[in-house]
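Residue numbers (this note's numbering): 960 to 1050.
A virtual CB, placed ideally from N, CA and C, is assigned to each residue, including glycine.
Model, not experiment: these values are computed from the prediction.
Presented below is the structure to which this report refers.
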Ligand SMILES: [Zn+2]
């Protein structure tokens, strides 16, 4: 599930439900769309998989500190920009 979308759906749906229950003028008109939208967001958040965090380099590689090119862990220099990788041996 996608927790941020779930929280947003709860907030929007709750706003709609509150405006419906309290019969806030004007806002009460929007209570049904708010509840429907919030409900849709909650359902969508449950169906969607959790978004992955920062992109991870492939196994045995790391991203070049200068151009982002995947560089083998035992390589001291990047093939693309020839930048010396921080922490690599022999630097
Ligand atoms: Zn590079």
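For residue i, the first and last residue of its enclosing beta strand (DSSP E)
{"i": "residue 1070", "result": "The requested residue 1070 is not part of the displayed model; the chain covers only 960 to 1050."}
{"i": "residue 1020", "result": "1020-1022"}
Spatial distance of residue i from residue j (CA atoms)
{"i": "residue 1007", "j": "residue 978", "result": "28 Å"}
{"i": "residue 1044", "j": "residue 1036", "result": "6 Å"}
{"i": "residue 995", "j": "residue 963", "result": "18 Å"}
Buried versus exposed call for residue i [16 or more other C-beta atoms within 10 Å across all chains shown]
{"i": "residue 1023", "result": "buried"}
{"i": "residue 1002", "result": "exposed"}
{"i": "residue 970", "result": "exposed"}
Start-to-end residues for the alpha helix (DSSP H) that takes in residue i
{"i": "residue 1002", "result": "990-1006"}
{"i": "residue 1034", "result": "Counting along the chain, residue 1034 falls outside any alpha helix (DSSP H), and DSSP gives it neither H nor E."}
{"i": "residue 963", "result": "962-981"}
Collect the residues with a C-beta less than 6 Å away from any heavy atom of ligand 1 and give them in sequence order along the chain. Residues with a Cβ closer than 6 Å to any heavy atom of ligand 1, in chain order: 1023, 1025, 1026, 1028, 1037, 1039, 1040 and 1042.
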